[in-house]
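A.B. asks: In this note's numbering, the protein residues as written are 1215 to 2148.
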């Protein structure tokens, strides 16, 4: 008798695992994860390897031994089960990935051998290099130039090149090529090359660190950055090596990454035994513990108590502080040891590098700027450029010990000092002064330092100047409001070689030094991170409105008095000139001109009436040549007016000697407009909208070719409490334009009042009616706020299920939804307060659950209920009222905090893009300091 063993298809076995695996508490773990994938739009299922070993040990072993076949089967199985869980999402995505983590064995980089080739392994190390993200062709569609037949060709396996077909698939053609690749019909996947290196603390004495190249594809590209500590699971494959004579017989290993986990940047995990814990507690009670710590540092080196004390403080680290205006004081401590040769300086450094959990020792002789911070290096084989982490990056969160610093080149020390300096802004970053003036920080600081050269305090690559007449706008996180604060000093530092540029969901960008603190929302609170740690999708706080100081009218009163007009009329004039106006001068011919052109006779009439009210002479030219409508050109030829406006409104002049730059791209809103009263600002918005505004089927706003003008529009609208967002689009001619979109029902309602006399106002009102029926996805509050709101709703018994759903799905909550729940909660609280005043036990016992109260009082539920309801025991009634008061007070405290986010001047944005920008022309970076905190 012959027994035939039929192996079950691994795809079916994986599908069975995903459908059937249960946690000890009975939860279907991977069904739940698949459901979450559909909600969050993910394409990869993360699988804990120990779960597979527990469910099907043989299948788990095959995944390690034959990963190419079994990983593919697992990925297909993810799609199979997804079609059961969510068919629509499965049909939409079509291709899913199975990614494994937490393999039972960690393979040290130093122990990788030939036996690991073709196997699934797990390694741990530091990511030291990362290439830019590229797109790899995985399915090409080729077109026959002779007959037009389209021939799809897929790569045989992941990572292999897609080769063009040998001949046309059409039997009547059989053309042998070449074939055209149709890029728009082909399929690409994101691709990135990484280099992972041994961790410094695991390096054997006297050995150089070893590294391995790895390839990331799909949704795991850009998950980690140079300097991050990572745990990587992947398939080890051989890569052929070449010499100038051809291919060699040796191969170098490369890891095809299946999953990558980034370790948190914090304290290293150290296993502490119960005995260790007891010893630590015992030492904590020792009144001389401070002295013992100092004596334990390099005990073989006699003396140096002050130096050792400083090292102890450095090892423990300072405490970073978050201030009310969002400024962060760093907690880093830096020490410089200076002394004669042979005084144990190097031994102290080496000792610290050994005992610090994340210690890096390097010598100044071999330390370049790139070696200390980060460098863009070129691969000798492929020619690709990589970002490589340096010693200061690898020691992030630990201690970098740099010996023989005097041997370093001065240009290399700049990089180190920059890492130790206070964080700064790029010279083109614009700050908002208290009077509404926007000015580039570099221009402000350079001008002040140029005017007060004798008062400058010079440090190492740093210049500081104390000031007493600079007021800026800062954000008070506790009040959720913008406040006016006095600057204490300004400073500039030697600029680094690279900057970090962040783009936010409102369309705005900032450019800062890599270590500059960025305020973000994380784990239910506002905190800060370094700019180079910012990632796409992070939530950052913004504002709903600007509150400009009304005290300063410098320049405004002078021009109004000279022209003998009011602010509203001047604002209208600026609106006409910025939208469809122009300026021109030819000093050699003593010719100075300001003009306005338009085909709209109504607008032309408004502009002429305005000029007549100014008593300004003008001439008009009408042209209809090659036009459907007649073009009106209004010219004001006046040197005195030109020079007056140049003095007070320089931003409206767009003349340039650069022929490549279109004058319209240089337009800005004059700073003087921000000092005007609100009715004048509204007059400008009204006039500018008539010239450069638009209304389509979905949106209303402005369109301009000047990015800075678009940003000015956003800021001016914010002074009127109107929020907008900005994005750019490219015309058919290749020109870039910027659109400022009014966002949300409330903001559109405010806006339509300003442009009520425009013929498109009715269309905007229709947009408002449409927007009332849909939520504004650009105005959301973080999921953490929804979680607190759910707790309140549960306590007050007003949770209708919506809050529980979005909290469970980790979705943000819409601003309007949150406001409605808060209003409901406030109504309920008023009812409960009335019940407390009236001692209405019936209503209060719905609020204070008797089951919970009976457990707290250790009184049987039936006894408690009898004493409260039947006997009306005054003692129990008093206790119930007291509990209700306490609980209500806790809820009100939570609600008041939430009210800050609803009523306060705060609006949450997201980071849309993070870019590394080369320093092309900046000698300095700049800072404005507000004491006593920054």
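Ideal Cβ positions, reconstructed from N, Cα and C, are used throughout, including at glycine.
1. Quick one: Cα of residue 1757 to Cα of residue 1993, how far?
2. Residue ranges of each alpha helix (DSSP H) run of no fewer than 4 residues wholly in the segment 1265-1321, ordered along the chain?
3. Given residue 2130, which residues of its chain have a CB within under 6 Å of its CB, disregarding the five upstream and five downstream residues?
4. Do the segment 1891-1907 and the segment 1966-1985 touch if we need at least three Cβ pairs shorter than 8 Å?
5. Report the three-state DSSP secondary structure of residue 1601 (helix, strand or coil).
6. Pull up the CB-CB distance for residue 1863 and residue 1788, whole angstroms please, since I reckon it's below 8 Å.
7. Compute the beta-carbon to beta-carbon distance between residue 1825 and residue 1887, rounded to the nearest angstrom, for a pair I have assumed lies under 8 Å.
8. Applying the criterion that 16 or more other CB atoms from any shown protein chain within 10 Å of the CB defines a buried residue, is residue 1625 buried or exposed?
9. Looking at the structure shown, is residue 2025 part of a helix, part of a strand, or coil, going by DSSP?
10. For residue 1562, does the count of other Cβ atoms within 10 angstroms reach 16, so buried, or fall short, so exposed?
11. Could you give the residue range of the beta strand (DSSP E) that holds residue 1940?
12. Hey, would you say residue 1952 sits closer than 7 Å to residue 1918, going by beta carbons?
13. Along the chain, which unbroken stretches of the alpha helix (DSSP H) at least 4 residues long are found entirely within the segment 1336-1416?
14. Closest by CA to residue 1471, which one among 1532, 1330, 1314?
15. Give the secondary structure of residue 1516 by DSSP, where H, G and I count as helix, E and B as strand, and everything else as coil.
16. With a threshold of 6 Å on Cβ separation, who are the neighbours of residue 1656 within its own chain once the five nearest residues in sequence on each side are excluded?
17. According to DSSP, simplified to helix, strand and coil, what is residue 2009?
18. Helix, strand or coil for residue 1494, going by three-state DSSP, please let me know.
19. Label residue 1893 either buried or exposed according to how many other C-beta atoms from any shown protein chain fall within 10 Å of its C-beta, with 16 as the threshold for buried.
20. Just how far apart, CA to CA, sit residue 1285 and residue 1277?
21. Tell me which same chain residues have a C-beta within less than 6 Å of the C-beta of residue 1481, skipping the five on either side of it?
22. Mapping the DSSP letters down to three states, classify residue 1893 as helix, strand or coil.
23. Since residue 1376 contacts residue 1354 with CB under 8 Å, what's their CB separation in whole angstroms?
24. Measure the alpha-carbon distance for residue 1167 versus residue 1720 and round it to whole angstroms.
25. Count the other CB atoms, across all protein chains shown, that sit within 10 Å of the CB of residue 2135; report buried if there are 16 or more and exposed otherwise.
26. Rounded to the nearest angstrom, what separates residue 1488 and residue 1498 at their Cα positions?
27. With C-beta atoms as the reference, is residue 1308 less than 7 Å away from residue 1258?
28. For the 8 Å Cβ check, are there 3 or more pairs between the segment 1728-1736 and the segment 1796-1807?
29. So the beta strand (DSSP E) residue 1711 belongs to, where does it begin and stop?
30. Leaving out five residues on either side along the sequence, give the residues of the same chain with a beta carbon under 6 Å from the beta carbon of residue 1924.
31. Check residue 1445 in the structure and name its three-state DSSP category.
32. Just the Cα atoms here: how many angstroms apart are residue 1582 and residue 1576?
33. Can you give, in chain order, each stretch of the alpha helix (DSSP H) that sits fully within the segment 1873-1932 and has at least 4 residues?
34. In terms of residues, what are the limits of the beta strand (DSSP E) holding residue 2121?
35. Reducing DSSP to helix, strand and coil, say where residue 1855 ends up.
36. Below 8 Å on the Cβ atoms is my contact criterion, and I expect residue 1968 with residue 1899 to pass it. Report the Cβ-Cβ distance as a whole number of Å.
C.D. replies: So, from the listed chains and residues:
1. The C-alpha of residue 1993 is placed about 11 Å away from the C-alpha of residue 1757.
2. Segments of the alpha helix (DSSP H) lying fully in the segment 1265-1321: 1271-1279, 1281-1299, 1301-1307.
3. In its chain, beyond the 5 residues on either side, 1712 have a beta carbon closer than 6 Å to the beta carbon of residue 2130.
4. Flag = yes, the segment 1891-1907 and the segment 1966-1985 touch.
5. For residue 1601, the pLDDT reaches just 47, beneath the cut-off of 50, and the residue's location in the model is therefore unreliable, leaving the point undetermined.
6. Their Cβ separation, rounded to whole angstroms, is 7 Å, which keeps residue 1863 and residue 1788 in contact under 8 Å.
7. Not confirmed; about 19 Å, so no contact.
8. Residue placement at residue 1625 cannot be trusted, given a pLDDT of 44 that sits under 50; what the coordinates show is reported in the next sentence. Burial call: exposed.
9. It is coil, neither helix nor strand.
10. Classification for residue 1562: buried.
11. 1938-1944 is the span of the beta strand (DSSP E), which, as asked, contains residue 1940.
12. Pairing residue 1952 with residue 1918 gives a Cβ-Cβ distance under 7 Å.
13. Scanning the segment 1336-1416 from its first residue to its last, no whole alpha helix (DSSP H) run of 4-plus residues comes out.
14. Nearest of 1532, 1330, 1314 to residue 1471, Cα basis: 1314.
15. Residue 1516: coil per DSSP, three-state reduction.
16. These residues qualify, in order along the chain: 1641, 2140.
17. Helix at residue 2009.
18. If DSSP states are grouped into helix, strand and coil, residue 1494 belongs with the helices.
19. Classification of residue 1893: exposed, given that the 10 Å Cβ count is below 16.
20. One Cα belongs to residue 1285, the other to residue 1277, and the distance between them is close to 7 Å.
21. Unreliable placement is indicated for residue 1481, whose pLDDT of 47 sits below 50; the coordinate value is still reported in the next sentence. There are no such residues.
22. In the structure shown, residue 1893 sits in a helix (DSSP, three-state: H, G or I).
23. That belief holds up - the Cβ atoms of residue 1376 and residue 1354 are roughly 4 Å apart, short of 8 Å.
24. This structure does not reach residue 1167, given that the chain is present from 1215 up to 2148, and the question cannot be answered.
25. Exposed is the call here.
26. About 15 Å.
27. Their beta carbons are not under 7 Å apart, which means residue 1308 does not touch residue 1258 by this criterion.
28. The segment 1728-1736, when compared against the segment 1796-1807, does not touch it at the 8 Å Cβ threshold.
29. Where residue 1711 is concerned, there is no enclosing beta strand (DSSP E), given that its DSSP letter is neither H nor E.
30. Excluding residues within five positions, the ones whose Cβ falls inside 6 Å are 1918, 1940, 1952, 1954.
31. Residue 1445 carries a strand assignment under DSSP once its states are collapsed to helix, strand and coil.
32. In this predicted model, residue 1582 has a pLDDT of only 44, less than 50, meaning its place in the structure is not dependable; the value taken from the coordinates is given anyway. In this structure, the alpha-carbon of residue 1582 lies about 11 Å from that of residue 1576.
33. You should have 1892-1906.
34. Here the beta strand (DSSP E) through residue 2121 covers 2121-2132.
35. Reduced to three states, the DSSP call for residue 1855 is helix.
36. With 8 Å as the limit, residue 1968 and residue 1899 qualify as a contact, their Cβ atoms being about 5 Å apart.
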